[in-house]
Amino acid sequence: MNLFVAKLSAATTSDDLNELFAEYGEVVSAKVIMDRETGTSKRFGFVEMKDEAAAMKAIKDLNECLFDNSPIVVKKARPKGENRNNHSYGNNRDRSFRRY
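So the numbering used here is basically just the index in the sequence shown, starting at one, shifted up by 240.
Put into structure tokens, the structure is as follows:
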């Protein structure tokens, strides 16, 4: 199961995330997202855990906890390309629209 982790400390590394989530089960991958231009943390990341039950427990226990002096947010990651409101921003236009 893929998890989204936000509000990370600027000092938190991918290894730190891996270590934190490994307490709940096997971590397949953990990555803090970095800005390409500046090389600094964007202060969010993703953790993939092998076991869904372990991932759900990690969400329950770690969401809004203090980690690296920052209250983090942990939730199930949305599939890539899916946005909050499920809008397609023009890719699914109503073809019946007519101008008068």
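In this text, a Cβ means the ideal position worked out from N, Cα and C, and glycines have one as well.
Three-state secondary structure (DSSP) of residue i
i, result
"Glu277", "coil"
"Ala246", "strand"
"Ala270", "strand"
"Lys290", "coil"
"Glu263", "coil"
"Ala251", "coil"
Backbone CA spacing between residue i and residue j [nearest angstrom]
i, j, result
"Lys247", "Val314", "9 Å"
"Lys320", "Glu288", "14 Å"
"Val279", "Ile273", "Checking the sequence shown, residue 279 turns out to be Gly, not Val. Distance between the alpha carbons of Gly279 and Ile273: 10 Å."
"Leu243", "Lys300", "12 Å"
"Leu302", "Glu277", "30 Å"
"Ser249", "Asp308", "6 Å"
"Asp255", "Ser310", "17 Å"
"Ala295", "Asp275", "26 Å"
Residues sharing a beta bridge with residue i, DSSP
i, result
"Thr306", "Looking at the sequence shown, residue 306 is not Thr but Leu. Looking at the DSSP assignment, Leu306 forms a beta bridge with Pro311."
"Lys316", "Leu243"
"Phe284", "Ala246"
Neighbour-count burial assignment, residue i, 16 or more Cβ in a 10 Å radius
i, result
"Ala251", "exposed"
"Leu306", "exposed"
"Arg245", "The residue you asked about is not Arg; residue 245 is Val in the sequence shown. Answer is buried; the Cβ neighbour count reaches 16."
"Ala270", "buried"
8 Å contact criterion, which residue i and residue j should meet: CB distance rounded
i, j, result
"Ala298", "Phe261", "6 Å"
"Glu266", "Asp291", "7 Å"
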